[in-house]
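Data block below; observations after.
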Amino acid sequence: MPRRPGGTAVNEEDEPLSPCISVCLLDEHDICVGCYRTATEVADWFVASAEQKREILRLCEERRALAAKNG
């Protein structure tokens, strides 16, 4: 699977791949405990531009890091 500089997995069209890991459960803040996307980001993923997807992935990483820090 190709990767962009920085490690983001992409498909042949240079589109970021979905961060979904098939653990689809929303927490009390409406954030998926599997991929750290909001419910809106999950729904918007299929129509989002590559740039929007990269921003969603960046936000996911921030949420993941915060969750790890807070235990």
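Here the sequence shown is numbered in the working numbering, starting from 746 and rising by one per residue.
All residues carry an ideal CB built from backbone N, CA and C; glycine is no exception.
Ends of the alpha helix (DSSP H) at residue i?
i, result
"cysteine 805", "795 to 815"
"glutamate 786", "784 to 789"
What does residue i pair with, by DSSP beta-bridge criteria?
i, result
"leucine 771", "Cys777"
Here's a check: name, in chain order, each residue in its chain whose Cβ is nearer than 6 angstroms to the Cβ of residue i, leaving out the five neighbours to either side.
i, result
"aspartate 775", "Thr783 and Ala784"
"aspartate 772", "Val778"
Measure the beta-carbon distance from residue i to residue j and round it to whole angstroms, keeping in mind my assumption that it falls under 8 angstroms.
i, j, result
"aspartate 759", "alanine 793", "Wrong, their Cβ atoms sit about 14 angstroms apart, outside the cutoff."
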